[in-house]
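Below is one structure, written out as structure tokens; the observations come after it.
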Amino acid sequence: MSAALRWQATDDLSFTLAHERGDSEPMNYFGTPLIDGKYRDSLRDKNYNLRNAVQRYNDEWTRLNTDWTLNDSVSASNQLYYIKSRRHWRNAEAYNWSSAQGQLLRGDYLEIKHDQEQIGDRQSFTFNHSLFGLDSRTVLGAEYNRIRFDVTNNSPYNDVGGDFIDPWNPLRGDFQSQSPLQPLSESTTRTFALFAENRLQLSERWSLVTGIRRDQNHIDRNDMRSDNRNDRSLTGGNWRAGLVFAVTDQLSLYGQYSTSEDGVSNLISMTPAQQQMDLTEAKQTEFGLKQQFWDGRGEWTLAAYHIVKKKLLTLDPVTRVTQQVGQQSSDGLEASLELALAQGWHVSANAAVVRAEYDDFDESVAGQVVSRAGNRPTDVPSRTANLWLSKALSEDLDAGMGLRYVDERYANTANTTSIPGYTVLDANLGWTVQRDVRLGLQLNNLLDRRYAAAQYNNGQQWLMGEPRSFFVTADYSF
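Per the UniProt record's numbering, the sequence shown runs over residues 1 to 478.
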């Protein structure tokens with residue numbers, strides 16, 4: 001459910017109050033297990049989770065936006081926001097085939113509750129001005145937010161061994177755990193950030209784009225079971241600089257270099273050990289072009305990038321202690337095309353090719369330290385593509401059909417198991433009943449293709465893509 005109310009107080013001042021709320025219970029499905037490393041189609045529609053499994057999300061987001069034009073050169077924007085989220089999981093998440101038993105070992109009986117509350121404010125000012133005699137546009141701003149995050153779970157999950165079940169006739173069973181559900185931690189994360197962006201028109205065709213952001217984070221965490229308290233301040237930031245060259249009014253070239261710093265995991269959920277680690281560092285170089293043609297009826301883009309991420313967690317081969325010395329990199333090429341053809345036809349296409357690999361990454365296997373350098377990270381396809389063809393059948397009716405393609409992906413860091421690529425056909429139909437009423441029909445996986453959308457449990461379970469399905473939508477504008 002969502003709603004918004006806008007008040008135009010004056011010609012130069014407006015307020016927008018918006019609220020969104022969602023309460024969902026998605027399917028408790030953790031994949032189809034492989035039998036002796038092979039997919040069995042007869043198991044596709046089986047669900048090996050528990051009878052009393054829970055997966056529930058309750059989210060709220062309220063925000064007040066204020067937009068104020070002070071004069072022809074200065075404008076201000078403010079967003080005050082409040083987010084509340086409650087999550088509950090209770091599942092058996094792992095299903096491993098045992099050749100000796102001829103059955104599945106169902107395990108990982110995990111129950112987790114998250115209670116998160118966030119309040120924040122973001123203020124920015126935009127200035128249109130002259131800098132060194134050149135046209136310039138500058139954005140200056142600040143943001144503050146506070147996140148309270150409480151975790152309840154049944155760690156240390158002493159009974160993850162689970163029970164054996166028949167994969168073809170599974171007994172659902174009930175959740176069972178020798179580890180009681182109890183509060184684990186309470187944390188408060190405060191973040192204050194300053195940021196600035198600028199676009200400087202160097203000449204009629206050249207422009208310089210720059211940006212910088214600095215974050216000051218402070219995390220207070222209380223372990224509810226040991227009553228130990230710890231805190232850590234983490235200071236990070238990012239900056240970027242790029243040039244844009246307008247070759248013609250229809251063709252632009254650009255190049256950009258950017259950096260970023262992030263926690264080794266989400267700041268609000270970091271363990272005490274992770275809080276003591278440095279922020280990871282990333283650098284990206286990107287070049288690209290954008291061109292319009294056919295009098296604006298066509299547009300294509302092309303971009304090439306190189307990304308390096310450092311200070312990732314890896315295992316020291318001598319001490320066997322986890323350290324922040326790992327590195328991962330990727331090189332990619334992305335392209336897109338938009339064509340407005342005659343008689344109401346429209347073509348939209350995009351494709352991406354990426355070469356990603358671990359540059360420095362060790363892990364422990366059977367007590368031995370093994371290097372994964374040169375391997376491709378898990379769940380990263382080398383190629384993806386989308387093609388969509390649509391037609392306006394009349395002023396009120398339109399239809400479309402498209403293909404989604406995802407290449408093969410590795411399921412483990414050793415690159416010894418993988419999930420196959422897939423191509424799926426979708427379609428849609430839209431009808432504008434009245435000026436303010438539109439009905440839509442979305443058809444997914446039109447040919448009912450059986451494919452693995454993702455993997456789980458180090459590739460032992462395939463998360464199958466949705467079968468042929470349809471959705472009906474209604475949009476009303478007022």
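Backbone N, C-alpha and C define an ideal beta-carbon position, used for all residues, glycine too.
According to the neighbour-count rule (16 or more other Cβ atoms, all chains shown, within 10 Å of its Cβ), is residue i buried or exposed?
i           : result
Pro167      : buried
Ala4        : exposed
Leu131      : exposed
Ala53       : buried
Tyr476      : exposed
Lys113      : buried
Leu104      : buried
Thr189      : buried
Met270      : buried
Arg383      : exposed
Glu93       : buried
Lys38       : exposed
Glu25       : exposed
Ser469      : exposed
Ser364      : exposed
residue 518 : The structure shown does not extend to residue 518, since the chain is modelled only from 1 to 478, so the question has no answer here.
Gln182      : exposed
Phe478      : exposed
Ser185      : buried
Run through the DSSP bridge pairs and tell me what residue i is partnered with.
i      : result
Val308 : Lys283, Ser329
Trp294 : Its beta-bridge partners do not exist; DSSP assigns none.
Arg21  : Glu60
Arg221 : Ser187, Asn230
Gly120 : Tyr81, Asn145
Gln38  : The sequence shown places Lys at residue 38, rather than the Gln named in the question. According to DSSP, Lys38 bridges with Ile35.
Trp168 : According to DSSP, Trp168 bridges with nothing at all.
Asp360 : Gln327
Asn386 : Asn350, Arg404
Lys113 : His88, Thr152
Asp426 : Gly402
Gly211 : Glu197, Arg240
Gly255 : Leu243, Phe287
Ala392 : Asp398
Gln461 : Pro33, Tyr456
Leu302 : Leu289, Ala335
What residue from the options has the CA that sits closest to residue i's CA?
i           : options                        : result
Leu140      : Thr188, Arg438, Ala193         : Ala193
Asp379      : Lys391, Leu463, Ala303, Thr423 : Leu463
Asp295      : Asp121, Phe471, Leu339         : Leu339
Arg90       : Asp174, Tyr39, Arg297, Ala142  : Asp174
residue 529 : Gly255, Arg240, Ala356         : Past the edges of the chain, shown from 1 to 478, lies residue 529, and the structure says nothing about it.
Tyr257      : Lys283, Val244, Met270, Thr271 : Lys283
Phe471      : Leu429, Asp436, Val437         : Leu429
Asn350      : Ala335, Ala356, Ser364, Tyr476 : Ala335
Met277      : Glu286, Asn266, Gln182         : Asn266
Tyr82       : Asp215, Glu20, Tyr305, Gln250  : Glu20
Asp249      : Arg40, Gln292, Asn375          : Gln292
Gln324      : Gly263, Gly298, Leu70          : Gly263
Gln460      : Ser469, Ile419, Glu143         : Ile419
Leu333      : Leu341, Ala356, Gln327, Gly107 : Ala356
Lys309      : Lys290, Glu281, Thr285         : Glu281
Leu439      : Tyr405, Ala399, Leu447         : Ala399
Val244      : Thr259, Ser233, Glu204         : Glu204
Asn386      : Leu403, Asn445, Pro377         : Leu403
Ala142      : Ala366, Arg87, Arg122          : Arg122
Leu223      : Gly288, Leu289, Ser98, Asp150  : Per the sequence shown, the amino acid found at residue 223 is Asp instead of Leu. Comparing Cα positions, the closest option is Asp150.
Lys84       : Asn228, Arg146, Asp36, Asp407  : Arg146
Asp72       : Asn58, Arg137, Arg148, Asp231  : Arg137
Val433      : Glu111, Thr473, Lys311, Asn169 : Thr473
Arg56       : Gly22, Asp227, Leu443, Leu181  : Gly22
Tyr254      : Arg221, Arg229, Asp227, Lys290 : Lys290
In its own chain, which residues sit with a C-beta less than 6 Å from the C-beta of residue i, not counting the 5 before and 5 after it?
i      : result
Thr10  : none
Ser77  : Asp67, Ser124
Gly236 : Asp215, Glu261, Leu279
Val74  : Phe127
Asn65  : Thr16, Gln79
Gln116 : Ser85, Phe149
Thr285 : Tyr257, His306
Leaving aside the five residues before and after residue i along the sequence, list all residues of the same chain whose C-beta is less than 7 Å from its C-beta, in chain order.
i           : result
Leu202      : Leu134, Leu208
Arg44       : Thr32, Arg450, Met464
Gln101      : Phe164
residue 522 : Because the chain is modelled from 1 through 478, residue 522 falls outside the range shown and cannot be assessed.
Arg376      : Ala356, Glu357, Tyr410, Asn415
By Cβ distance, which residues of its chain are closer than 8 Å to residue i, with the 5 residues on each side in sequence left out?
i      : result
Arg449 : Tyr422, Thr423, Val424, Leu425, Gly465
Thr29  : The amino acid occupying residue 29 in the given sequence is Tyr; Thr does not appear at that position. Correct list, in chain order: Asn47, Asn49, Leu463.
Gln274 : Gly263, Val264, Ser265
Ser8   : Per the sequence shown, the amino acid found at residue 8 is Gln instead of Ser. Here the set comprises Ser14.
Check: So, do the stretch 400 to 417 and the stretch 448 to 459 have three or more beta carbon pairs nearer to each other than 8 Å?
Finding: Judged by pairs of C-beta atoms under 8 Å, the stretch 400 to 417 touches the stretch 448 to 459, as three or more such pairs exist.
Notebook entry, point to check: Are three or more beta carbon pairs between the stretch 388 to 403 and the stretch 356 to 375 nearer than 8 Å?
Noted result: By the C-beta criterion, the stretch 388 to 403 is judged not to be in contact with the stretch 356 to 375, since fewer than 3 inter-stretch pairs fall below 8 Å.
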